[in-house]
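Just so we're aligned: the sequence shown equals residues 51 to 414 in the working numbering. Positions of the beta carbon are idealized from the N, C-alpha and C atoms, including for glycine. Treat the numbers as computed from the prediction; the structure is a model and nothing was measured. Written out below as C-alpha cells is the structure these notes cover.
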Amino acid sequence: MRLTDRHIFMVGPCSAESREQVLSIAQEVSNIAADDQLCIFRAGVWKPRTSPDSFQGMGEIALEWLQEVKRKYMPVATEVANAEHVRLCAQYGIEHLWIGARTSANPIAVQEIADAIRRYYTQNDNLLSSVWIKNPVNEDADLWQGNIERIQKTVADRLAQESLVVGAIHRGCGHRPCWHMPYLLRRSMPTLPILLDPSHLTGDAQQVTAYSQIAARLGLEGLMIEVHNNPKQALSDAKQQITPSQLSSLLKQYTSVFSNSSTTALDWLRLQIDETDDNIWRAIAHRLQIAKSIGKWKHENDVPVLQTDRFNSILRQRLSWAQDKGIESESVRIIMDVLHRESRRVQDNSTIVSPAPPRSGSPS
Ligand code: PEP
Ligand code: MN
C-alpha cells in the first residue's frame, strides 16, 4: 500500500521533551487511526525559536526516543534545518522528514538539505519514505513551490518508482491562513499531497478542530497536528497543542467531513474572501491604533484633531492609488469618509482625560 492511499496525520508534540513524554504520547496516539488513516508520530528535535532564551530542543538524544517510538508504536518524523540534521536522521533511521517554515524561507538552506538527503539517505536503501515542505513564513507561493521542486529533483528516481512521497504542509503565515498559497499549489501541482497544520496556522488549540474540518472539506490529504499529554506544561507552543483524546474525536470527524465533501474552486475562493475580509479588519484596527497615538500627540501639542488640508491631500492620493488598482472613485470616497470618521472618533476619545477616581470618604 502506498503512503498516500490513506489520509496522513502527522501527530505528536511540538518538541520532544523527554523519553517519558515522547513514549507516553506515542502510546496514546498509536491506536486511534481508522483503517483509512495513517498516523505518523511527529516531534521537533531541533527547534527554530524566535528567542535564544526559549527551549531550543533536546537535539540528538531525542532521536533515540523517536527510534524507540518507531520500534514500538508507529512511523516517525522530525524537522530538519541543515545538512547535519539530515545526517543524524539518516543515522537514526528517521523515515519521514519535514522542512520548517523558517528554513523554507531560505532556498540555499533547502538546497543544502536536498543535497544532504542525496548524500546520507542512499537511493537504494529506501529508508526515507517522505519529505514534507512547509510554506515559508513570508507569503511567497513561488518560493514554496520552488523549494518543493528542489526536493523533488533530488529524489526524482524514487518519485518515479512511487517509493517516496514529497508533499507540502500549509501552516499559515503568522497564525492566520494564506489560502491562496495552497490554492495555487493545488492548481500548479495537482498530484502533490498537501496537509494542513492547523496548530501553527491558528496558534490556538480551540481552533484546531474547526480548521481540520476545513482541510477535510477542501479534500486535503491530511493534517499535521501538535498533540501533547499535558499541553499547559509544554516547553514550546503550549497554547496550540491538543490532547490525544481530542485528537481521537478530531480524526473521526475528519473522515466523515472528507467523505461528504466535493470541493470546487468556489470553496477555495470563498475562503480567500473570508481571509481577505479578516485582513481588512486587522488593517483597520491597526490604522485606528495609529490614529489613537496621533490623537494623543495632537492633544499634548495643542493641535486640533481636524486637519482639513491633510484629509484632502490624503483623499487625492488614495484616489490615485485606487485608480491604479481599478477601484471606483465613488467607492474610495465612501470608504475614506468612513475611515476618517472612525479615526476622528478615536482621536477625540484619546484626548478625553479620564476622571480621577473619587477620593475615599467622598460622597458617592
Ligand atoms: C513545528 O512544526 O514544530 C514548527 C516549528 O513549525 P513551523 O516551521 O511551521 O513554525
Ligand atoms: Mn510547534
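For His230, there is no enclosing beta strand (DSSP E); the residue is part of the alpha helix (DSSP H) that begins and ends at 230-238. Separation of Asp247 and Leu365 (C-alpha to C-alpha, rounded to the nearest whole angstrom) is 41 Å. At a cut-off of 7 Å, the beta-carbon of Pro98 counts as near the ligand PEP: some heavy atom of the ligand is closer than that. With fewer than 16 other beta carbons inside 10 angstroms of its own, Thr172 counts as exposed. Put simply, the backbone Cα of Leu251 is about 13 Å away from that of Glu189. Contact between Gln71 and Asn279 is confirmed by a C-beta separation of about 7 Å, below the 8 Å threshold. Secondary structure note for Cys139: its alpha helix (DSSP H) is the uninterrupted segment 133-141.
For Ala288, the secondary structure class from DSSP, reduced to helix, strand or coil, is helix. Apart from the 5 residues on each side of it in sequence, Gln106 sits with its Cβ closer than 8 Å to the Cβ of Trp96, Lys97, Arg99 in its chain, given in chain order. Those residues placing their Cβ nearer than 5 Å to any heavy atom of the ligand MN are, following chain order, Cys64, Asp287. Per DSSP, reduced to three states, the secondary structure at Thr128 is strand. Rounded to the nearest angstrom, the gap between the Cα atoms of His57 and Asn310 is 15 Å. In the three-state reduction of the DSSP assignment, His57 falls in the strand class. Ala266 places its beta carbon less than 8 Å from that of Tyr304.
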